[in-house]
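Notes for the one structure printed next.
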Ligand code: HEM
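In my numbering, the protein residues as written are 308 to 810.
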């Protein structure tokens, strides 16, 4: 009933709900895009409104300026760790990422960045290619491929296949030899138990006495000690361990005060990289391949692009280098466009540590020009909403990679300017490379993703490897997004494949 009382006009409007603690959780959980659009448009709250999510007040700020408000906020006012830690600390472990002061996370991000050099990326291309080839040659779903029959069609389960290809390629490249070798053994079960702790339930209700929580904690302990035993072994037998991977790079680095990174932190940083990159990359791969299966014309454009760049006189295709992949416009656009429609993270959250005024530029239709987000609120930005905004993108709901490489395409223009660090006029205001942009699948500001370059390389190389070998098609309806897991992935579905005539 208190919702009927005159509200504090300095605060954003609160979305009406019937059940006090539950609030708008069902509508938000079922389809956050529909929920945000309904609140912004139909109910006319505009770009700033609050809703109740399991007893917590969440203030949403939409549009490029809303993205800027959350992602560009000062970390002394808007803290990511206060929101994410209940989910991530039991999985990643102590003293890293959101279980440490923000300044320490910034140092840890720097450690990882210096481990991901161009030289390493060059070596990763061949490793990813090898993993995809071995997977196709051994996984039962690719029996038709293995039989070498160019007329028969086979099919594979999209979620399973891309989840497996992602973990295999990420382990082989980022995680190091020992982890990749143990993937096929007991590590796979440990990973799966840990992964089952990565759900909205484990986030919103930490510490329930359920088996999945116990299995998650046991899996973390096992994984952490496994990584630490690898570290000890590498130190004790340096002559046998001349690896040049992220772990070896972390072993050599020091915090600003001169202390080396303790072993448990190295272990936990590596677990964090594995988990942060797994669902994001695998769902992006799944969506990309679904769109390609649905659009034979773009598959053809991708294949032709490969022939043009890597075709050999005998009609084959040669190996590619990292630099060459970066030159492939169609491939790049396919990935960009998929991340526009399907960024795996639909909600980016922070906790307000103080009362914070929301700038009037957020453009709310309400008479209230400036709201104050009260201390303690969760603040939420959803770049997905501006990535689908018809005011910015022509045919905004359509997957159309050409918008990124067509010379006249608005995205191509924005994209060029973005790459050059310039400002570009999207027709509704100035957009720049920073936190104020309608296209932010990797976030922005202090918490911007550190895996962007790697993810692009991983996704592009897998797509390239598949397209040069096979044709794909979709049977039945294009799958709807499933918002019930942590990352937006497609509902279960299959893709059909056939061997290309000329490999
Ligand atoms: C953060 C997206 C792949 C590691 C983020 C954020 C986004 C994002 C939106 C910001 C979250 C926030 O501000 O609250 C993506 C997408 C990916 C991807 C779309 C693939 C398509 C990866 C990969 C890695 C990775 C492969 C590791 C190698 C991280 C880490 C953070 C992060 C450690 C936390 C940074 C921080 O809070 O300061 N990612 N990511 N991501 N990402 Fe990614």
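Glycine residues also receive a C-beta, built at the ideal position from the N, C-alpha and C atoms.
Values in this document were obtained by computation on a predicted structure and should not be read as measured data.
A direct Cα-Cα distance of roughly 12 Å separates residue 689 from residue 751. Of all alpha-carbon atoms in 340, 316 and 795, the one lying nearest the alpha-carbon of residue 592 is that of 795. Out of 342, 434 and 771, the CA that lies nearest to the CA of residue 352 is found in 342.
The residue among 346, 517 and 580 with its C-alpha nearest the C-alpha of residue 369 is 346. One alpha carbon belongs to residue 425, the other to residue 415, and they sit about 19 Å apart. Contact check for residue 609 against residue 774 passes: the beta carbons are separated by less than 8 Å. When DSSP reads this structure, residue 796 sits in a beta bridge with 789.
Of the heavy atoms belonging to the ligand HEM, at least one sits nearer than 7 Å to the Cβ of residue 761. When secondary structure is reduced to three states using DSSP, residue 779 falls in the strand class. In this model, residue 583 and residue 630 are separated by some 25 Å (Cα to Cα). Measuring C-alpha to C-alpha distances from residue 523 to each of 499, 764 and 535 identifies 499 as the nearest. Beyond the five residues adjoining it in sequence on each side, residue 763 comes within less than 7 Å, by CB distance, of 642 in the same chain, given in chain order. With fewer than 16 other CB atoms across the displayed protein chains lying within 10 angstroms of its CB, residue 544 is exposed. For the ligand HEM, a non-hydrogen atom lies closer than 7 Å to the CB of residue 588. Here the segment 632-641 lies against the segment 609-624, with 3 or more beta-carbon pairs under 8 Å apart. Cβ neighbours of residue 548 within its own chain (closer than 8 Å, five residues either side excluded): 540, 541 and 555. Non-local C-beta neighbours of residue 628 in its own chain, meaning closer than 7 Å and more than five positions away in sequence, comprise 429 and 432, ordered along the chain. Each of 365, 340, 320 and 318 was checked against the Cα of residue 329, and the nearest Cα belongs to 365. Apart from the 5 residues on each side of it in sequence, residue 799 sits with its Cβ closer than 8 Å to the Cβ of 464, 465, 466 and 786 in its chain, given in chain order. At the C-beta level, residue 699 and residue 693 come within 8 Å of one another. Apart from sequence neighbours up to five positions away, the residues of its chain that approach residue 485 with a beta-carbon distance below 7 Å are 537, ordered along the chain. The distance from the Cβ of residue 576 to that of residue 558 is about 11 Å, inconsistent with a contact at the 8 Å cut-off.
One thing to note: residue 501 has its Cβ within 8 Å of the Cβ of residue 527. Excluding five sequence positions before and after residue 749, the CB atoms of its chain that fall closer than 7 Å to its own CB belong to 755, 756 and 759, given in chain order. Secondary structure within the segment 682-716: the beta strand (DSSP E) runs of 3 or more consecutive residues, fully enclosed, are 685-688 (chain order).
In this structure, the beta-carbon distance from residue 423 to residue 597 does not fall below 8 Å.
The distance from the Cβ of residue 418 to that of residue 326 is about 45 Å, inconsistent with a contact at the 8 Å cut-off. In this structure, DSSP gives residue 747 a state outside helix and strand, which the three-state scheme calls coil. With respect to residue 587, residue 651 sits close: the two C-beta atoms are nearer than 8 Å. A Cβ-Cβ contact shorter than 8 Å links residue 745 with residue 371.
Where residue 395 is concerned, the enclosing alpha helix (DSSP H) starts and stops at 388-399. Looking at 561, 684 and 565, the one whose alpha-carbon comes closest to that of residue 390 is 684. DSSP lists no bridge partner for residue 541.
Taking every protein chain shown into account, the CB of residue 459 has fewer than 16 other CB atoms within 10 angstroms, so this residue is exposed. In the DSSP annotation of this structure, residue 360 is not part of any alpha helix (DSSP H); the continuous beta strand (DSSP E) holding it starts and ends at 355-360.
Assignment of beta strand (DSSP E) within the segment 320-381, counting only whole runs of 3 or more residues, yields 355-360 and 363-368 in chain order.
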